Structure formats: structure tokens, C-alpha cells
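S.K.: In our numbering, the protein residues as written are 29 to 242.
In this text, a Cβ means the ideal position worked out from N, Cα and C, and glycines have one as well.
Values in this document were obtained by computation on a predicted structure and should not be read as measured data.
Quick one: structure below, then a few questions.
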Amino acid sequence: MENHEATTADRLLQLLKTRGPCSTADMAQALGLTGEAARQQVQKLVAQGWLAGELQAQAGVGRPRQRWFLTAAGHRRFPDAHAQLSVQLIQQVRQVFGEQGLDQLIAQREAETLALYRQRCNAQPLGERLQQLAALRAEEGYMARLEADGTDWLLIEDHCPICAAAQSCQGFCRSELQIFQAIAGPQAQVRREQHLLGEGESAGLRCVYRISSP
Numbered sequence: 029m030e031n032h033e034a035t036t037a038d039r040l041l042q043l044l045k046t047r048g049p050c051s052t053a054d055m056a057q058a059l060g061l062t063g064e065a066a067r068q069q070v071q072k073l074v075a076q077g078w079l080a081g082e083l084q085a086q087a088g089v090g091r092p093r094q095r096w097f098l099t100a101a102g103h104r105r106f107p108d109a110h111a112q113l114s115v116q117l118i119q120q121v122r123q124v125f126g127e128q129g130l131d132q133l134i135a136q137r138e139a140e141t142l143a144l145y146r147q148r149c150n151a152q153p154l155g156e157r158l159q160q161l162a163a164l165r166a167e168e169g170y171m172a173r174l175e176a177d178g179t180d181w182l183l184i185e186d187h188c189p190i191c192a193a194a195q196s197c198q199g200f201c202r203s204e205l206q207i208f209q210a211i212a213g214p215q216a217q218v219r220r221e222q223h224l225l226g227e228g229e230s231a232g233l234r235c236v237y238r239i240s241s242p
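So, in C-alpha cells, the structure goes:
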């Protein structure tokens, strides 16, 4: 593959990672490509196993629209923070110290992380504090951003650099939710609406947290 094509493919993968499923036309418009160029890139990435398609029903009587999303292999194109070593260490902690020891390890990590987050996320208005949180998470590799949704806020994380560790022990995910709640404060409510590792209605291609405040 030529360098230009490789760059275009990377941009397309990045687009799907940050926006979620998109149609070929949407990708072409976002990346400044012709429709044919976008279709060629999609076909190559599908052949490589990095993309898959789904049909989305249109409002009214229009034909279903084809949208493309990253497969598990596509997600693995993004860095995963020494995944193999992390999983091995978690397994070893379990073997030596049991589940209680692993819980203590997660609790210690949570306490240290929360202390750091409190230092960096100290704005008084909730929206500004959540912007600080999103920026900090982005620095840590979570590809995080904050969006307003009516009177609520959505903290969206398009990537999980500790995904392998979280798959091995979902206590990390529970801990992160508790940290976000602590940063948001007792007057706010934090709910995870989409979970990269979730099942059923909560399953998603990313993690999305809704923060509501009276």
C-alpha cells in the first residue's frame, strides 16, 4: 500500500474510532474524498478484517443505509498500554493473593487516581470541571471528549488503553465509574450508558457516561 493510501486508511480508521459507525458518503465528506475513493478504502479495510457493515433503517420509506464500523481487529489497531503484561500481572496477583488481594490493588489505584484527578479537576462549575476531566482522560489515551446533551453532559471515551486489563478484571471499570462520580460531586449523578465491554443494551463501541445534575 502506498504512503498516501496508508495515510487515508489511518484517517478513516481514526474517524470511525471517534465518531462511531458512518456511511461511505459521510466518511467521504469528513475526509475530503470522492465517493469512489472512499468506497475503495472501505473495501480494502473490509478485506483486511478491520471494518464491517450494518444496515440502518431510514426514517420514512427510504432504503436502509449501509454504515461501517470498526471490528475487534480494527480496534486493536490503536495502542493498548502493554496489554499482555497487564493481563499477566493481573493473573499473577489473583494466583498469589486471591480476589481479595486484587480488590485491594484496584482500591489503591483508585485512591491514587482520585487524588490526582481532584488536583487537576478543581473548577467550581460542573461543566468546567467535566471539561478538565475529559482533557485529563484524553491525555491518558482514552480519546475522551465532553458533549452537552440537553441539560446533561456526555463524557465519551472512544478508546480504552487498558481494555485488555479491564477484560481480565472489570473491577477497573467499576472503579472508574466511582472516580467520575466523586469528581462530579454528590449533587450530580453519573451513569454509564454505553460500555465497550458491556452486554445487552449497554454494549457499545466506546464508553459513554451521562452526567446529570438537578
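Do the CB positions of V121 and L133 come within less than 8 Å of each other?
M.R.: Indexing the sequence shown from 1 puts residue 121 at position 93. Indexing the sequence shown from 1 puts residue 133 at position 105. The answer is yes: Cβ separation under 8 Å.
S.K.: Considering only residues of the same chain and omitting the five flanking positions on each side of T141, which have a CB-CB separation below 7 Å?
M.R.: As a first step, residue 141 must be located in the sequence shown, where it is residue number 113. Counting only Cβ-Cβ distances below 7 Å, and skipping sequence neighbours, we find I207.
S.K.: Are the beta-carbon atoms of M171 and K45 separated by less than 8 Å?
M.R.: Here residue 171 refers to the residue found at position 143 of the sequence shown. Here residue 45 refers to the residue found at position 17 of the sequence shown. Yes, these two residues count as a Cβ contact at 8 Å.
S.K.: Please report the straight-line C-alpha distance between Y28 and Q94, rounded to a whole angstrom.
M.R.: The chain is shown from 29 up to 242; residue 28 falls before or after that span and cannot be answered.
S.K.: In chain order, what residues of the same chain lie with their CB nearer than 7 Å to the CB of E138, ignoring the 5 residues before and after it?
M.R.: Sequence index remark: in the sequence shown, residue 138 carries index 110 (1-based). Answer for E138: S203, Q206 and I207, listed in chain order.
S.K.: Since R234 and E185 are thought to touch, with beta carbons under 8 Å apart, how far apart are those beta carbons, to the nearest angstrom?
M.R.: As a working note, residue 234 is residue 206 in the sequence shown. As a working note, residue 185 is residue 157 in the sequence shown. About 6 Å separates the two Cβ atoms, so the contact holds.
S.K.: Where does L183 fall in DSSP's three states?
M.R.: By one-based count along the sequence shown, residue 183 stands at place 155. Correct three-state label for L183: strand.
S.K.: Of the residues C201, C191, G155 and A192, which one's Cα is nearest the Cα of S241?
M.R.: Walking along the sequence shown from the start, residue 241 turns up at place 213. The shortest C-alpha separation from S241 is found at G155.
S.K.: Give the DSSP bridge partners of G199, in chain order.
M.R.: For the purposes of this step, residue 199 is taken as the residue at position 171 of the sequence shown. Per DSSP, none; premise fails for G199.
S.K.: Figure out for me which residue from S196, S114, G77 and R173 has the closest Cα to the Cα of A101.
M.R.: The count along the sequence shown starts at 1 and reaches residue 101 at position 73. Answer by Cα proximity: G77.
S.K.: Let me know the secondary structure DSSP gives Y145 once reduced to three states.
M.R.: Translated into positions along the sequence shown, residue 145 becomes position 117. If DSSP states are grouped into helix, strand and coil, Y145 belongs with the helices.
S.K.: From the DSSP secondary-structure annotation, give me the bridge partner or partners of A80.
M.R.: In the sequence shown, residue 80 corresponds to position 52, counting from 1. F97.
S.K.: In the DSSP output, what is E175 paired with across the bridge?
M.R.: Looking up residue 175 in the sequence shown gives position 147. Answer is L182.
S.K.: Can you list, in chain order, the residues of its chain with a C-beta nearer than 8 Å to that of V70? Leave out the 5 residues immediately preceding and following it.
M.R.: In the sequence shown, the residue the question calls residue 70 occupies position 42. The answer, listed in chain order, is L40, T52, M55, L79 and W96.
S.K.: Going by DSSP, name the residue or residues bridged to I239.
M.R.: Indexing the sequence shown from 1 puts residue 239 at position 211. I239 pairs with W181 and V218.
S.K.: Within 10 angstroms of its Cβ, does R165 collect 16 or more other Cβ (buried), or is it exposed?
M.R.: Within the sequence shown, numbered from 1, the residue matching residue 165 stands at position 137. Buried, since its Cβ has 16 or more Cβ neighbours within 10 Å.
S.K.: What residue range is occupied by the uninterrupted alpha helix (DSSP H) comprising Q57?
M.R.: Here residue 57 refers to the residue found at position 29 when the sequence shown is read from its first residue. It spans T52 to L59 - the alpha helix (DSSP H) in which Q57 sits, taken as one unbroken run.
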